[in-house]
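Visitor:
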Amino acid sequence: MNSIEIFKCLADKSRLRIVNSLMIEPMYVELLAERLDLSTSTVSFHLKKLMDANIVSSRKEQYYTVYNLNEGIFTVSLGELVQDCRSEGEISDQREDEYREQVIASFFKYDKLHSLPVQKMKRRIVLEKIVKSFERDRTYTEKEVNLIIADFHEDFCTIRRDLVGFNLMERKRGVYRRI
Numbered sequence: 029m030n031s032i033e034i035f036k037c038l039a040d041k042s043r044l045r046i047v048n049s050l051m052i053e054p055m056y057v058e059l060l061a062e063r064l065d066l067s068t069s070t071v072s073f074h075l076k077k078l079m080d081a082n083i084v085s086s087r088k089e090q091y092y093t094v095y096n097l098n099e100g101i102f103t104v105s106l107g108e109l110v111q112d113c114r115s116e117g118e119i120s121d122q123r124e125d126e127y128r129e130q131v132i133a134s135f136f137k138y139d140k141l142h143s144l145p146v147q148k149m150k151r152r153i154v155l156e157k158i159v160k161s162f163e164r165d166r167t168y169t170e171k172e173v174n175l176i177i178a179d180f181h182e183d184f185c186t187i188r189r190d191l192v193g194f195n196l197m198e199r200k201r202g203v204y205r206r207i
């Protein structure tokens, strides 16, 4: 259970209203929308967030998906919820992983790089994703490097240069190798 996700999720008025309604009884999207005077798409959006935080679960009943609260979350004390047993390193690693995922999602669409980031840190993250396409302990000609990079983006020259510049690949006598 990630307390930060729970707090973020419950910090929204509409989600709190949905939780309050589900405390009364399990419901399906259309009934929640009608009772809360919200659109079904809004209710669905918030239910997805609640499910991601493990506050709500769902089950199929005939034609409907019925949502109900995960009671276990509401039996945990506030003290237990705010106590984080992870080390600072683990918390930092999780934040870094989440940031990486955000950057990748922002710059890649269907595994194609739609633009090169200007910020150095974001650019490195993008390049680290691309360099994973190269095997370690194998050499590549410039043409092979260009072909692999071209699968991601048309500006293979800039990316090839940056892979070397960011020390993700090395170039010796026209031969490239992943570092």
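Residue numbering for the sequence shown is 29 to 207, as defined by our numbering.
All C-beta atoms in this analysis are idealised placements derived from N, C-alpha and C, irrespective of residue type, glycine included.
Bear in mind that the values here come from a model prediction, so they are computed numbers and not experimental data.
Tell me whether Arg166 is buried or exposed, calling it buried when 16 or more other Cβ atoms sit within 10 Å of its Cβ.
Guide: Mapped onto the sequence shown, residue 166 falls at position 138. Per the 10 Å Cβ criterion, exposed.
Visitor: Counting beta carbon pairs with one atom in the segment 103-122 and one in the segment 77-90, are three or more of them shorter than 8 Å?
Guide: The segment 77-90 vs the segment 103-122: no contact.
Visitor: Using DSSP with H/G/I as helix, E/B as strand and the rest coil, what is Arg199?
Guide: Within the sequence shown, residue 199 is the residue found at index 171, counting from 1. Correct three-state label for Arg199: strand.
Visitor: Quick one: residues in its chain with C-beta nearer than 6 Å to the C-beta of Phe180, no 5 flanking neighbours on either side, listed in chain order?
Guide: Taking the sequence shown and counting its residues from 1, one reaches residue 180 at position 152. Hits under 6 Å: Leu141 and Ile158.
Visitor: Which residues share a DSSP beta bridge with Leu106?
Guide: Within the sequence shown, residue 106 is the residue found at index 78, counting from 1. Per DSSP, none; premise fails for Leu106.
Visitor: Kindly provide the ranges of any alpha helix (DSSP H) runs that are 4 or more residues long and lie completely inside the segment 63-101, ordered along the chain.
Guide: With a minimum length of 4 residues, the continuous alpha helix (DSSP H) runs that stay inside the segment 63-101 are 68-80.
Visitor: Below 8 Å on the Cβ atoms is my contact criterion, and I expect Arg206 with Phe162 to pass it. Report the Cβ-Cβ distance as a whole number of Å.
Guide: Taking the first residue of the sequence shown as 1, we reach residue 206 at position 178. Taking the first residue of the sequence shown as 1, we reach residue 162 at position 134. About 4 Å separates the two Cβ atoms, so the contact holds.
Visitor: Leaving out the 5 sequence neighbours to the left and right, which residues in its chain are closer than 7 Å to Pro54 when beta-carbon positions are compared?
Guide: In the sequence shown, counting from the first residue as 1, residue 54 sits at position 26. Val94, Tyr95 and Asn96.
Visitor: Taking 8 Å as the limit between beta carbons, can you name the residues of its chain near Arg151, skipping five residues before and five after?
Guide: Position 123 of the sequence shown, counting from 1, holds the residue named residue 151. The answer, listed in chain order, is Leu144, Pro145, Asp190 and Phe194.
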